[in-house]
Amino acid sequence: GDSVTQMEGPVTLSEEAFLTINCTYTATGYPSLFWYVQYPGEGLQLLLKATKADDKGSNKGFEATYRKETTSFHLEKGSVQVSDSAVYFCALTKAAGNKLTFGGGTRVLVKP
Amino acid sequence: DAGITQSPRHKVTETGTPVTLRCHQTENHRYMYWYRQDPGHGLRLIHYSYGVKDTDKGEVSDGYSVSRSKTEDFLLTLESATSSQTSVYFCAIGAPTSGSDEQYFGPGTRLTVT
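Quick note, the sequences are listed as chains A and B, same order.
Letter by letter, the first sequence follows residues 10 to 121 in the working numbering.
Letter by letter, the second sequence follows residues 368 to 481 in the working numbering.
Okay, here's the thing in structure tokens:
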């Protein structure tokens with residue numbers, strides 16, 4: 010079946026550092042790929058998405074590129090802030106209406 | 368934020384008791400989903416609904432049932448709660464018939480079964 014693998018956290022960074030969270034997937038066909046973010050005590054918010062190979066999703070300074078050849082969708086941000094402290098989830102779906110398949114989540118802690 | 372509310376937000380219950388969680392949306396989205404979140408597992412689909420009275424099982428549906436009598440409400444029932452059902456439960460909505468594959472999540476319900 011489909012699966013998503015993320016790097017295990019926690020990832021601890023200083024403010025203004027560069028953030029990378031690795032995500033790889035296993036799925037047949039051409040899934041859509043997502044990054045969701047969960048702030049403490051809240052639900053998941055859609056951060057960005059990409060629907061086909063070589064697409065780049067971006068939002069709030071975060072970026073991720075859909076790499077079909079390496080089945081990856083790594084999340085990056087050039088300069089993190091304390092407010093970026095959260096849990097980040099990589100996910101995929103095979104089609105609209107289908108379930109989302111999630112990775113285990115990566116906790117990021119940004120220190121001032 | 369999408370108009371999704373969940374109630375209750377926190378609940379503690381005893382093993383063997385039935386529990387019902389409610390999800391309410393104001394977006395008129397056709398699809399609704401229940402997921403559970405457990406450490407190391409991300410979120411896993413319990414059940415979903417693709418219309419009023421139309422529901423189907425997800426990957427972790429044992430011990431759960433759902434009902435959808437109106438577009439805006441999707442209920443999740445734990446028929447006889449067990450400690451393994453201690454988790455955070457999230458409702459999500461989607462509108463695939465409009466061409467979107469995105470899902471939007473509610474704030475979650477933290478359930479503890481003692």
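Positions of the beta carbon are idealized from the N, C-alpha and C atoms, including for glycine.
Since the model is a prediction, treat every value here as computed from it, not as a measurement.
Asked: Would you list, in sequence order, the uninterrupted beta strand (DSSP E) runs of no fewer than 3 residues that lie entirely inside the region 19-51 of chain A?; Found: 20-23, 28-30, 32-35 and 41-47
Asked: Kindly list the residues whose CB is nearer than 7 Å to the CB of Ala95 (chain A), restricted to its own chain and excluding five residues on each side of it in sequence; keep chain order.; Found: Val46, Gln47, Tyr48 and Val117
Asked: When DSSP builds the beta bridges, which residues end up paired with Gln54 (chain A)?; Found: A:Val46
Asked: Please determine, among A:Ala59, A:Glu17 and A:Ala26, the residue with the shortest C-alpha to C-alpha distance to Ser467 (chain B).; Found: A:Ala59
Asked: DSSP has Ala100 (chain A) in a bridge; who is on the other side?; Found: A:Phe43 and A:Phe111
Asked: Does the beta carbon of Lys108 (chain A) come closer than 7 Å to any beta carbon on chain B?; Found: yes
Asked: Only counting the same chain, and skipping five residues up and downstream in sequence, which positions put a Cβ closer than 8 Å to that of Ser81 (chain A)?; Found: Asn31, Cys32, Thr33 and Tyr34
Asked: Cβ atoms of Tyr431 (chain B) and Ile460 (chain B): under 7 Å apart, would you say?; Found: no
Asked: Given that a residue counts as buried once 16 or more other Cβ atoms are within 10 Å of its Cβ, and exposed if not, what is Arg376 (chain B)?; Found: exposed
Asked: Rounded to whole angstroms, what is the Cα-Cα separation between Thr102 (chain A) and Glu25 (chain A)?; Found: 32 Å
Asked: Nearest-angstrom Cα distance between Pro406 (chain B) and Gly113 (chain A)?; Found: 7 Å
Asked: Can you grab the Cα-Cα spacing for the pair Val386 (chain B) / Phe27 (chain A), in whole Å?; Found: 44 Å
Asked: Which residues of chain A have a Cβ atom closer than 7 Å to the Cβ of Gly336 (chain B), listed in chain order?; Found: This structure gives no information on residue 336 (chain B), because the portion of chain B shown stretches from 368 to 481.
Asked: What residues of chain A sit near Gln470 (chain B), judged by a beta carbon separation below 7 Å?; Found: Leu109
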